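Student: In this note's numbering, the protein residues as written are 1291 to 1959. Backbone N, C-alpha and C define an ideal beta-carbon position, used for all residues, glycine too. This structure is a prediction, so every number in the text was calculated from the model and none was measured.
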Ligand code: IVH
């Protein structure tokens, strides 16, 4: 094999490995920059040595986000990508080349941010949103109209006037930093895998099957490209200004530039100023403004010749790994953490970085004392993206994942189908017990004032509280034996415990720390069962009938209640006076909808969708997300998706409006 062929082989293997980590494991092992560099090197060799090309090379892989759960639609115009570079000199070359190809000295460039989310195409007919489609494979994508409609900044009906009858608007769906941080904090709390960056979080969210969950996450969208046979202006900039008047959130950063020096100035300015923006950006985009000139320049197979993306390199530091610690959380998941020689990154000192799980440690092939690359790109938690092999000590050895729990010594178990290792000693492993106490008293659970992480540990270490039921045996006197408590603070805790007896049943269910039962799951369980005895008596099969309760959660619930220790704790909590059933307004419950399956679609004026969902369940019916032969009614509001309407009509499902529905359950005004 020639050197070139060998290098091609190496590059393909490496790129394929990183693709797998990114798309399958959802845990990137390389920075975007380094990945692009590998891909560019491979592309260059293949271009210069066509005999080495291979149709299965990763360079020929068209990225696709198609998901089998959604219907697909073909794009009117293919959704292409942009040529990109990390070098200002190459952007300057692009301007020069464009000037030459056009044969015109004068042309304007529009400078924009490159928003780091997931692209979307919206189709408007006569000013009404009819379809939202993801990029997919560029030719066709998933129809995600229902999810898109949850994004409040997207106009469902265009405002103003002058919009063409047929309009396509493209933009980026993104999760602003604040929403991203909140989502990951929630996931960290529930010990669910974190999203690596806002881009992954946005594309993952857009593909959720439950629009209510999508709405909860706080997506937003910026628009940057208009298409259609009758656009209002002959240039990109003015068209976007029109779009702004029609109600779109057009990219807030957009500037007309004339020539190389203005372009360079724009790059230098935004390279740092972008850090102040409320959303993630991964570069800048430069577009020829005139549509006539765009048309003259045309497209290559992959991208327009009238635009280029300049990408920012992520901030990266090189430092030494001191040691890897293994930390046990509330649910027993063991997380490896890299403890580092302090290094300054994006203005903060980084001493710890997540190594996620055993698979990541292996794929990085990280050794003790290695020099490692740390990156803080779009993440809240810095991560290790690679190892500098030249800094490796001769006597170093690979970092091994622990086989036993670092806290209690139990042999670890691998969670089936997941990368996580878990300590099975749920009721004897101190950090798990303390974690559950901490969870129980938390604000969204029993909300017991005056008890935080430290106090929970203190109560456990002192032997006063070894499970959550012991909390209700505490007295002011007992608390005052502990160093941290004085009369006032002790009384505050006792009052907090007293107040917690009025916390509604659904929060009690969440507070119990049943593995895999999060806040939403607890709410669904509480509403579906109404009291703890019903919940405890249910089989896994019955549980899976409840919306959003899958097999894994159902089995976990059954296992939890089968344990005599847990049953004893629940009995003691009940005796202490906690709410073990739902308080219901009896006038709202009936069995008028018993056995009926109802699909809700569109927006309503008298009640929210969630309220209608609740009313269906309170009256004995079942709410379902998609229309099938089993659907009894379609409860339709305004702006209902045309696909749903068509399906309901073709299956002969009766369509009812909100007034009809309310009178069916006896709730007429
Ligand atoms: S223009 C025909 N403008 O970057 C070109 N794209 O690699 C249409 N993106 O798929 C795209 N910000 O998801 C354009 N201001 C911007 C952008 C932008 C982000 C994304 C978009 C596209 C990808 C191209």
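My output table needs one value for residue 1608: the three-state DSSP class, helix, strand or coil.
Tutor: Your numbering for residue 1608 matches position 318 in the chain shown. Residue 1608 falls in the strand class under three-state DSSP.
Student: Scan the segment 1782 to 1822 and note each continuous beta strand (DSSP E) run of 3 residues or more that stays entirely inside, going in chain order.
Tutor: DSSP runs (the beta strand (DSSP E)) wholly in the segment 1782 to 1822: none.
Student: Is the beta carbon of residue 1575 less than 9 Å from the beta carbon of residue 1404?
Tutor: The residue labelled residue 1575 in the question sits at position 285 within the chain shown. The residue labelled residue 1404 in the question sits at position 114 within the chain shown. Going by C-beta atoms, residue 1575 is nearer than 9 Å to residue 1404.
Student: Starting from residue 1415, trace the beta strand (DSSP E) in both directions and tell me its first and last residue.
Tutor: The sequence position of residue 1415 within the chain shown is 125, counting from 1. That run of the beta strand (DSSP E) goes 1408 to 1415.
Student: Taking the CB atoms as reference points, tell me whether residue 1329 and residue 1348 lie closer together than 9 Å.
Tutor: Counting from 1 along the chain shown, the entry for residue 1329 is found at position 39. Counting from 1 along the chain shown, the entry for residue 1348 is found at position 58. Closer than 9 Å, so yes.
Student: Any idea what DSSP makes of residue 1426, helix, strand or coil?
Tutor: Translated into the one-based positions of the chain shown, residue 1426 becomes position 136. The answer is coil: DSSP assigns residue 1426 none of H, G, I, E or B.
Student: With distances taken between CB atoms, is the gap from residue 1862 to residue 1759 smaller than 9 Å?
Tutor: Within the chain shown, numbered from 1, the residue matching residue 1862 stands at position 572. Within the chain shown, numbered from 1, the residue matching residue 1759 stands at position 469. Yes, the pair counts as a contact, with Cβ atoms nearer than the cut-off.
Student: Could you tell me which residues DSSP puts in a beta bridge with residue 1362?
Tutor: Locating residue 1362 in the chain shown gives position 72, where the first residue counts as 1. DSSP output for residue 1362 lists 1432 as bridge partner(s).
Student: For residue 1626, list the residues DSSP reports as bridge partners.
Tutor: Counting from 1 along the chain shown, the entry for residue 1626 is found at position 336. For residue 1626, which the question treats as bridged, DSSP gives the partners 1616.
Student: Just how far apart, CA to CA, sit residue 1721 and residue 1342?
Tutor: Start at 1 with the first residue of the chain shown, and residue 1721 comes out as number 431. Start at 1 with the first residue of the chain shown, and residue 1342 comes out as number 52. Roughly 55 Å between the two C-alpha positions.
Student: Quick one: using the 10 Å Cβ neighbour count with 16 as the cut-off for buried, is residue 1855 buried or exposed?
Tutor: Taking the chain shown and counting its residues from 1, one reaches residue 1855 at position 565. With fewer than 16 other Cβ atoms within 10 Å, it is exposed.
Student: Can residue 1628 be considered in contact with ligand 1, in the sense that its beta carbon sits closer than 8 Å to one or more heavy atoms?
Tutor: As a working mapping, residue 1628 is identified with position 338 in the chain shown. No, the beta carbon of residue 1628 sits no closer than 8 Å to any heavy atom of ligand 1.
Student: Rounded to the nearest angstrom, what separates residue 1494 and residue 1768 at their Cα positions?
Tutor: As a working mapping, residue 1494 is identified with position 204 in the chain shown. As a working mapping, residue 1768 is identified with position 478 in the chain shown. The straight-line gap from Cα to Cα measures roughly 49 Å.
Student: Using 8 Å as the cut-off, classify the Cβ of residue 1527 as near or not near the heavy atoms of ligand 1, replying yes or no.
Tutor: The residue given as residue 1527 occupies position 237 in the chain shown. False, no ligand heavy atom lies under 8 Å from that Cβ.
Student: Could you tell me whether the Cβ atoms of residue 1991 and residue 1694 are closer together than 9 Å?
Tutor: Past the edges of the chain, shown from 1291 to 1959, lies residue 1991, and the structure says nothing about it.
Student: Tell me, which residues are paired with residue 1552 by DSSP?
Tutor: As a first step, residue 1552 is located in the chain shown; it is residue number 262 there, counting from the start. Note: residue 1552 sits in no beta bridge, so no partner.
Student: Kindly list the residues whose CB is nearer than 6 Å to the CB of residue 1539, restricted to its own chain and excluding five residues on each side of it in sequence; keep chain order.
Tutor: Translated into the one-based positions of the chain shown, residue 1539 becomes position 249. Here the set comprises 1443, 1512.
Student: Could you tell me which residues DSSP pairs with residue 1711 in its beta bridges?
Tutor: Your numbering for residue 1711 matches position 421 in the chain shown. DSSP lists 1704 as partners of residue 1711.
Student: Pick helix, strand or coil for residue 1717, following the three-state DSSP scheme.
Tutor: Reading the chain shown from its first residue, position 427 is the one you call residue 1717. Of the three classes helix, strand and coil, the one that applies to residue 1717 here is coil, per DSSP.
Student: Starting from residue 1510, follow the beta strand (DSSP E) in both directions and report where the run begins and ends.
Tutor: In the chain shown, counting from the first residue as 1, residue 1510 sits at position 220. Looking at the DSSP string, the run of the beta strand (DSSP E) that includes residue 1510 is 1510 to 1517.
Student: Contact check, residue 1639 vs residue 1385 under 8 Å by CB: the rounded distance?
Tutor: For the purposes of this step, residue 1639 is identified with residue 349 of the chain shown, where counting begins at 1. For the purposes of this step, residue 1385 is identified with residue 95 of the chain shown, where counting begins at 1. 40 Å between Cβ atoms; not a contact.
Student: What number of angstroms, rounded off, separates the C-alpha of residue 1410 from the C-alpha of residue 1819?
Tutor: By 1-based counting over the chain shown, the position of residue 1410 is 120. By 1-based counting over the chain shown, the position of residue 1819 is 529. The alpha-carbon atoms of residue 1410 and residue 1819 are separated by roughly 40 Å.
Student: I need the boundaries of the beta strand (DSSP E) containing residue 1905, first residue and last residue.
Tutor: Start at 1 with the first residue of the chain shown, and residue 1905 comes out as number 615. Per DSSP, residue 1905 belongs to no beta strand (DSSP E); it is in the alpha helix (DSSP H), 1899 to 1908.
Student: Less than 8 Å between C-beta atoms, sequence neighbours within five positions excluded: which residues of the same chain meet that for residue 1352?
Tutor: The count along the chain shown starts at 1 and reaches residue 1352 at position 62. Residue placement at residue 1352 cannot be trusted, given a pLDDT of 49 that sits under 50; what the coordinates show is reported in the next sentence. Closer than 8 Å at the Cβ level, and outside the excluded window around residue 1352, lie 1427, 1428.
Student: Quick test of your reading: residue 1869 and residue 1800, contact by CB under 8 Å. State the CB separation rounded to the nearest angstrom.
Tutor: Along the chain shown, one-based indexing puts residue 1869 at 579. Along the chain shown, one-based indexing puts residue 1800 at 510. Rounded, the Cβ-Cβ distance is 12 Å, inconsistent with contact.
Student: Three Cβ pairs or more, each shorter than 8 Å: is that satisfied between the segment 1892 to 1899 and the segment 1946 to 1959?
Tutor: Output reads yes: the segment 1946 to 1959 touches the segment 1892 to 1899.
Student: List the DSSP bridge partners of residue 1456.
Tutor: Taking the first residue of the chain shown as position 1, residue 1456 is located at position 166. For residue 1456, which the question treats as bridged, DSSP gives the partners 1415.
Student: Pick out whichever of 1677, 1552, 1936 has its Cα sitting closest to the Cα of residue 1381.
Tutor: For the purposes of this step, residue 1381 is taken as residue 91 along the chain shown, with counting starting at 1. That would be 1552, whose Cα lies nearest to the Cα of residue 1381.
Student: Using the Cβ count rule (16 or more neighbours within 10 Å means buried), how would you classify residue 1829?
Tutor: On the chain shown, residue 1829 is found 539 positions in, with the first residue counted as 1. It is exposed - the Cβ of residue 1829 has fewer than 16 other Cβ atoms within 10 Å.
Student: Mind checking which residues open and close the alpha helix (DSSP H) that includes residue 1280?
Tutor: Any answer about residue 1280 is impossible in this case: the structure gives the chain only from 1291 up to 1959.
Student: Confirm, please, whether the CB-CB distance from residue 1664 to residue 1656 is below 9 Å.
Tutor: The residue given as residue 1656 occupies position 366 in the chain shown. The residue given as residue 1664 occupies position 374 in the chain shown. No, the Cβ-Cβ distance between residue 1656 and residue 1664 is not below 9 Å.
Student: Which residue or residues does DSSP assign as beta-bridge partners of residue 1525?
Tutor: Taking the chain shown and counting its residues from 1, the one referred to as residue 1525 is at position 235. 1580.
Student: So the candidates are 1658, 1699, 1652, 1645; which of them puts its Cα closest to the Cα of residue 1674?
Tutor: As a first step, residue 1674 must be located in the chain shown, where it is residue number 384. With distances taken between Cα atoms, residue 1674 lies closest to 1645.
Student: Below 8 Å, can you find three or more Cβ-Cβ pairs linking the segment 1438 to 1452 to the segment 1407 to 1424?
Tutor: At 8 Å Cβ cutoff, the stretches touch.
Student: My output table needs one value for residue 1946: the three-state DSSP class, helix, strand or coil.
Tutor: Mapped onto the chain shown, residue 1946 falls at position 656. It is a strand residue.
Student: What would DSSP say about residue 1779, mapped onto helix, strand or coil?
Tutor: Taking the first residue of the chain shown as 1, we reach residue 1779 at position 489. In this structure, residue 1779 counts as helix in the three-state DSSP scheme.
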